[in-house]
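Asker: Line order of the protein sequences matches chains A and B.
Note that my numbering has the first sequence beginning at 1, numbered continuously upward.
Note that my numbering has the second sequence beginning at 371, numbered continuously upward.
Can you keep this structure in mind? I'll have questions shortly.
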Amino acid sequence: MAKELMKGNVAIAEAAVRAGLNAYFGYPITPQTELLEYLSSRMPELGRTFLQAESELGAINMVYGAACTGARVMSSSSSPGVSLMMEGVSYIAGTELPVVLVDVMRGGPGLGNIAPAQADYNQIVHGGGHGDYHPIVLAPANIQEAIDLTYGAFDLAEKYRSIVVILADGSLGQLMEPAELPEMKPAIMRTPDWATYGSEGRERRFLTSIDLDPSQQEKTNFRLEHRWQEIKANEVQYKEYYLDDAEYAVVGFGTSGRIALSAVRAARAKGIKIGLFRPVSLAPYPEKELYELSKQLKGLLVVEMNAGQMLEDVLNITRSQIPVEFYGRMGGILPMPEEIEAEIDRMVNDPTETDGHPRDRWLARFGKMN
Amino acid sequence: MQKEIIIAGFGGQGVLFAGQLLTYAAMDQGLQVTWIPSYGPEMRGGTANCTVVISDDEIGSPMVSRPSAVIAMNLPSLDKYEDKVKDGGVLVVNQSMVDREVRRSDIKVTMVPANTIAEELGDKRMTNMVLLGALLANLDILPVEAVEKALKEHLPEKHHKLLTLNKEAMQRGGSYVAAAISV
Chain A
1 MAKELMKGNV AIAEAAVRAG LNAYFGYPIT PQTELLEYLS SRMPELGRTF LQAESELGAI
61 NMVYGAACTG ARVMSSSSSP GVSLMMEGVS YIAGTELPVV LVDVMRGGPG LGNIAPAQAD
121 YNQIVHGGGH GDYHPIVLAP ANIQEAIDLT YGAFDLAEKY RSIVVILADG SLGQLMEPAE
181 LPEMKPAIMR TPDWATYGSE GRERRFLTSI DLDPSQQEKT NFRLEHRWQE IKANEVQYKE
241 YYLDDAEYAV VGFGTSGRIA LSAVRAARAK GIKIGLFRPV SLAPYPEKEL YELSKQLKGL
301 LVVEMNAGQM LEDVLNITRS QIPVEFYGRM GGILPMPEEI EAEIDRMVND PTETDGHPRD
361 RWLARFGKMN
Chain B
371 MQKEIIIAGF GGQGVLFAGQ LLTYAAMDQG LQVTWIPSYG PEMRGGTANC TVVISDDEIG
431 SPMVSRPSAV IAMNLPSLDK YEDKVKDGGV LVVNQSMVDR EVRRSDIKVT MVPANTIAEE
491 LGDKRMTNMV LLGALLANLD ILPVEAVEKA LKEHLPEKHH KLLTLNKEAM QRGGSYVAAA
551 ISV
């Protein structure tokens, strides 16, 4: 199929449509609105359901209800809107329903602004809603990846009866890049043995997240944890660049990961043996792969558009075996390749300060400027 | 090979469209390409800009601090981007909208009276195409024919009556070739 030039938000929407999205419920918020706007005409045109709810709360609860029926469902929002959805997300997790949620992150906390950020890593990757549950979290760094991950997200969600979050940021939502779209599937309405699509001729089914008997609730908790083990074993995704002979590496996801690629190339051009490790699945995180990689490295630089959220995971995974440095931009500001390159230079040529926490050292270097 | 182009001007000058056209042309040539508009308060009323990165390899950052080329469609854009053009890079200036010379001598500069040319062509909206033509004549990135083809293939049918005029605008702009850098 020929490549098309698409904006990230539209590409994600069309990929969901082609994956057989049956019903979409959402509420507009920048920088994600084009996704909803696109589906507002595209879904009815195909005889499928599009509904703009009265709020994000309404939208996620409509998704909850529709998912119970076995329909392929999705919602999308941006940071503050996703915060509003968290109660429903936890209920969906507790009820073990397959749902795809797209979060196009923006600057925060609070209302923040509409510029790109990655400050909701902790909220999304480590839960967000209450209770023990693990969403599958996928972080695209380019439009083709956004399409492919969204297209596959529904199968993943259904395979594990899990929430899958596509975690993007405002710049990916607005970015245009040529990409290839997958083949079109009809609207999908499944009939798995748990779904409530009408019980005529069989026993009634019951879907809920409430279990007043703690011993029964614990069984559900164990089931979710065992399932998560399975997901961790099977669904890890990551990309590696120039790592074969690397003595140093940058770790970054999504947009900061792809920006770091430019810095890594510039450093390579100067003779520094450095590569890029870009986790694509943030949950499950490529833990084993990063740990194995760290054994061959003299140093590692974590780059994020937040104050070092994934950094904590990287520190855990690498178990203090190698020096780790951090560089972050916040508030809706993208790190520029030259800034990351300067941090690479410092890590390689002047690795003097290695005491304390990488975030403290980063703050000591850059906090004074602000 | 990688080239980064920033096109900047007022909202309504066709900044984003010129960038998209370049992006389509690069895509049709089988190259990797990204297009990203500017963010922030300048989106309303003030300046608008977009960054286009064209490469034969996977593109890292879609945003750059030192572009290979800049089209400055007005004075605020010239003020903002003159210092950012890479050494040896290209700066195309819409002379009709600025009241000063370019200070740098280490880049290729071409001053194009694009508004005047567009008005001579009978359509003020052609300003962006005149400047795009000038860019293509000074930056070795895509043949002008590739952009003409992209225009035909990606411009909505209802605008096809403007194809000849667009082509002419690019040709007029293309006659503005910068002098070699004298160092």
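Backbone N, C-alpha and C define an ideal beta-carbon position, used for all residues, glycine too.
State buried or exposed for B/Asp-476, treating a residue as buried only when at least 16 other CB atoms are found within 10 Å of its CB.
Answerer: Exposed.
Asker: Alpha carbon to alpha carbon, how far is B/Lys-537 from A/Ala-233?
Answerer: A straight line joining the alpha-carbon of B/Lys-537 with that of A/Ala-233 spans about 57 Å.
Asker: Which of the three DSSP states, helix, strand or coil, is assigned to B/Gly-410?
Answerer: Confidence in B/Gly-410 is poor, its pLDDT being 45 and thus under 50, which makes the residue's placement too unreliable to answer from.
Asker: Taking the continuous beta strand (DSSP E) assigned at B/Val-554, which residues delimit it?
Answerer: Residue 554 of chain B lies beyond the range of chain B shown here (371 to 553); nothing can be said about it.
Asker: What's the call for A/Glu-87, buried or exposed, on a 16-neighbour Cβ count within 10 Å?
Answerer: exposed
Asker: Please report the residue range of the alpha helix (DSSP H) in which A/Leu-36 lies.
Answerer: Start and end: 33 to 45.
Asker: Alpha carbons only, please: which of B/Ile-375, B/Val-403, B/Leu-392 is nearest the one belonging to B/Lys-456?
Answerer: Considering only alpha carbons, the answer is B/Ile-375.
Asker: Using only CA atoms, which one of A/Leu-334, A/Ile-92, A/Ser-75 lies nearest to A/Thr-150?
Answerer: A/Ser-75
Asker: Report the partner residues of A/Tyr-324 according to the DSSP bridge assignment.
Answerer: One point to set straight first is that residue 324 of chain A is Val, not Tyr, in the sequence displayed. A/Leu-300, per the DSSP bridge assignment.
Asker: For A/Asp-169, which beta-bridge partners are listed by DSSP?
Answerer: A/Met-105
Asker: According to the neighbour-count rule (16 or more other Cβ atoms, all chains shown, within 10 Å of its Cβ), is A/Ala-354 buried or exposed?
Answerer: According to the sequence as given, residue 354 of chain A is Thr; it is not Ala. Exposed, since its Cβ has fewer than 16 Cβ neighbours within 10 Å.
Asker: Can you list the alpha helix (DSSP H) stretches of 4 or more residues lying completely in the stretch 266 to 295 of chain A, in chain order?
Answerer: 287 to 294
Asker: Between A/Ala-267 and A/Leu-276, what straight-line distance do the alpha-carbon atoms span, to the nearest angstrom?
Answerer: 11 Å
Asker: Would A/Gln-174 pass as an interface residue toward chain B - the criterion being a Cβ-Cβ separation below 7 Å?
Answerer: yes
Asker: What three-state label does DSSP hand A/Trp-194 in the structure shown?
Answerer: Coil, per DSSP.
Asker: Is there a Cβ from chain A that is less than 7 Å from the Cβ of B/Gly-430?
Answerer: Judged by the 7 Å Cβ criterion, B/Gly-430 is in contact with chain A.
Asker: Would you call the CB atoms of A/Ile-272 and A/Val-164 closer than 7 Å?
Answerer: no
Asker: Would you tell me roughly how many angstroms separate the C-alpha atoms of B/Leu-535 and B/Lys-519, rounded to the nearest one?
Answerer: So the two alpha carbons sit approximately 14 Å from each other.
Asker: Could you list which residues in chain A have their beta carbon closer than 8 Å to that of B/Pro-407, in chain order?
Answerer: Within 8 Å of the CB of B/Pro-407, the CB atoms of chain A belong to Gln-174, in sequence order along the chain.
Asker: Give me, in chain order, the residues of the same chain whose beta-carbon lies closer than 7 Å to that of B/Met-433; leave out the 5 immediate sequence neighbours on both sides.
Answerer: Ile-406, Thr-421, listed in sequence order.
Asker: Buried or exposed: which applies to A/Glu-14, given that a residue is buried once 16 or more other Cβ atoms fall within 10 Å of its Cβ?
Answerer: Burial call: buried.
Asker: Does the beta-carbon of B/Asp-510, which I'm using as the reference point, lie nearer than 6 Å to any heavy atom of the ligand ADP?
Answerer: Annotation note on the ligand ADP: not contained in the displayed structure, which lists no ligands.
Asker: Give the residues from the stretch 429 to 455 of chain B that approach chain A closer than 9 Å (Cβ to any Cβ), ordered along the chain.
Answerer: Ile-429, Gly-430, Ser-431, Pro-432, Met-433, Val-434, Ser-435, Arg-436
Asker: Quick one: does B/Glu-412 have its CB under 7 Å from some CB of chain A?
Answerer: In this predicted model, B/Glu-412 has a pLDDT of only 45, less than 50, meaning its place in the structure is not dependable; the value taken from the coordinates is given anyway. No, its Cβ sits nowhere closer than 7 Å to a Cβ of chain A.
Asker: Starting from the C-beta of A/Leu-111, find all residues in its chain whose C-beta is less than 7 Å away, skip the five residues before and the five after it, and write them out in chain order.
Answerer: Pro-80
Asker: How many angstroms separate the CA atom of B/Glu-412 from the CA atom of B/Gln-372?
Answerer: Note that B/Glu-412 has pLDDT 45, beneath the 50 cutoff, so the model's placement of it is unreliable and the number below is only indicative. The straight-line gap from Cα to Cα measures roughly 27 Å.
Asker: Are three or more beta carbon pairs between the stretch 282 to 298 of chain A and the stretch 455 to 475 of chain B nearer than 8 Å?
Answerer: no
Asker: In angstroms, rounded to a whole number, what distance separates the CA positions of A/Glu-218 and A/Glu-158?
Answerer: 23 Å
Asker: Check distances from the C-beta atoms of the stretch 166 to 195 of chain A to those of chain B and list, in chain order, the residues that come in under 8 Å.
Answerer: So the close ones are Gly-170, Ser-171, Gln-174, Leu-175, Met-176, Glu-177, Pro-178.
Asker: On the criterion of 16 or more Cβ atoms from any shown chain inside 10 Å, does A/Met-184 qualify as buried, or is it exposed?
Answerer: exposed
Asker: Compare the C-beta of A/Ser-262 against all C-beta atoms of chain B and say whether one is closer than 7 Å.
Answerer: yes
Asker: Kindly indicate if chain B contains any beta-carbon less than 7 Å away from that of A/Arg-258.
Answerer: Taking a beta-carbon distance threshold of 7 Å, A/Arg-258 counts as an interface residue toward chain B.
Asker: Is the stretch 244 to 258 of chain A in contact with the stretch 299 to 313 of chain A, if contact means three or more CB pairs nearer than 8 Å?
Answerer: yes
Asker: Can you check which of these residues, A/Met-330, A/Glu-325, A/Pro-351, A/Leu-334, is closest to A/His-357 by C-alpha distance?
Answerer: A/Glu-325
Asker: Check each residue of the stretch 333 to 346 of chain A: if its Cβ is closer than 7 Å to any Cβ of chain B, include it; give the result in chain order.
Answerer: Leu-334, Met-336, Pro-337, Glu-338
Asker: Under the rule that 16 or more other beta-carbon atoms within 10 Å means buried, what is B/Lys-494, buried or exposed?
Answerer: exposed
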